[in-house]
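Take any residue in the sequence shown, count from 1 to its spot, add 8: that is its number in the numbering used here.
Here the structure is laid out as structure tokens; the discussion comes afterwards.
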Amino acid sequence: MNIYSPLHPAAFFMIQKRQREIRRILASAYPDGVEKVNLLETGCGNGQWLAEFQTFGFMPENLAGIELDAKRAEFAKRRIQGADIRQGNAAELPWKDDSFDIVFQSTVFTSVKDGATRKRIASEMKRVCRKNGFILWYDFIYDSPKNPDVSGVGKNEVAALFAPWKCKFKKITLAPPLARAIAPHSVLAADMLETLAPFLRTHIIAKITVSAN
Numbered sequence: 009m010n011i012y013s014p015l016h017p018a019a020f021f022m023i024q025k026r027q028r029e030i031r032r033i034l035a036s037a038y039p040d041g042v043e044k045v046n047l048l049e050t051g052c053g054n055g056q057w058l059a060e061f062q063t064f065g066f067m068p069e070n071l072a073g074i075e076l077d078a079k080r081a082e083f084a085k086r087r088i089q090g091a092d093i094r095q096g097n098a099a100e101l102p103w104k105d106d107s108f109d110i111v112f113q114s115t116v117f118t119s120v121k122d123g124a125t126r127k128r129i130a131s132e133m134k135r136v137c138r139k140n141g142f143i144l145w146y147d148f149i150y151d152s153p154k155n156p157d158v159s160g161v162g163k164n165e166v167a168a169l170f171a172p173w174k175c176k177f178k179k180i181t182l183a184p185p186l187a188r189a190i191a192p193h194s195v196l197a198a199d200m201l202e203t204l205a206p207f208l209r210t211h212i213i214a215k216i217t218v219s220a221n
């Protein structure tokens, strides 16, 4: 079974854990619900995250995404009927300034090793995000010993990329190799390990805003 499929017990465990954190952030920012909230995902892939946001109450017509790979963008378009899905470069977003309440990215920056490109993507995310909204970030902080094509992005670099905006960080997600080894046998054990051993968490989730609120 594909280790990234939601049907894989470890992948499902990690999805549920990160969804918990996303729900916490959304509930705090929008206690009356997100039905009227506009959200853009940079690097939306096949639409998996956008589909997850729908489960929180986002309306498809208020969702947008950009994806470099044309086939994945087309799949996302079919998957999220009514969403504004475009094929293109996240460093050159085709939307106007202040278009979205939330701009989200997941594991895009770690796939971009060029520092200048990372800066352009961050600048574009800030440009299209409304100043009373926020940027939502989920990515890993360590390099992958088995994948030289990715490079971890730590808290200091995130803060520098989005300066002078303010970042609130939380370290989450049990190291995927551990989750894959443990969760198929005991979700409770994996959950306890993630809770009791924060040094084994490999990702950060961040809410990035113009002000410190």
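Each residue gets a CB set at the ideal place from its N, CA and C atoms; glycine is no exception.
- In the displayed model, Leu-101 falls within coil according to three-state DSSP, outside both helix and strand.
- Ranked by how close their Cα comes to the Cα of Asp-151, the residues Ala-84, Ser-36, Glu-82 and Ala-183 have Ala-183 in first place.
- Proximity of the stretch 105-124 to the stretch 51-68 meets the contact definition, three or more beta-carbon pairs being nearer than 8 Å.
- Distance from the CA of Leu-186 to the CA of Lys-104, rounded to the nearest whole angstrom, comes to 42 Å.
- CA-CA distance, His-193 to Thr-203, rounds to 17 Å.
- Between Asp-147 and Ser-114, the C-beta gap is smaller than 8 Å, which places the two residues in contact.
- Pro-206 and Lys-163 do not touch by the CB rule: their CB atoms are close to 14 Å apart, not below 8 Å.
- Within the same chain, Cβ atoms closer than 6 Å to the Cβ of Phe-20 are found at Pro-14, the five residues on either side in sequence being excluded.
- The residues Cys-52, Gly-53, Asn-54, Gly-55, Leu-58, Gly-73, Glu-75, Ala-91 and Ile-93, in chain order, have a CB closer than 8 Å to that of Ala-84 in the same chain once the five nearest residues on each side in sequence are set aside.
- Bounds of the beta strand (DSSP E) holding Lys-178 are 174-182.
- In the same chain as Glu-132, and ignoring 5 residues on each side of it, the C-beta atoms closer than 8 Å to its own belong to Thr-50, Ala-98, Ala-99, Glu-100 and Leu-101, in chain order.
- The C-beta separation of Lys-176 from Ser-219 comes to about 11 Å, leaving the pair out of contact by the 8 Å criterion.
- For Ile-74, the uninterrupted beta strand (DSSP E) segment begins and ends at 71-75.
- Asn-46 has its alpha-carbon roughly 15 Å from the corresponding atom of Ile-33.
- The beta carbons of Arg-209 and Thr-181 sit about 6 Å from each other, so the pair counts as a contact at 8 Å.
- When rounded, the separation of the alpha-carbon atoms in Pro-68 and Ile-88 is 7 Å.
- The alpha-carbon separation between Gln-27 and Val-120 amounts to approximately 24 Å.
- When beta bridges are read from the DSSP output, Asp-92 appears opposite Ala-72.
- The residue among Lys-25, Asn-10, Tyr-12 and Met-9 with its C-alpha nearest the C-alpha of Val-195 is Lys-25.
- Leu-144 has Phe-112 and Lys-215 as its beta-bridge partners, per DSSP.
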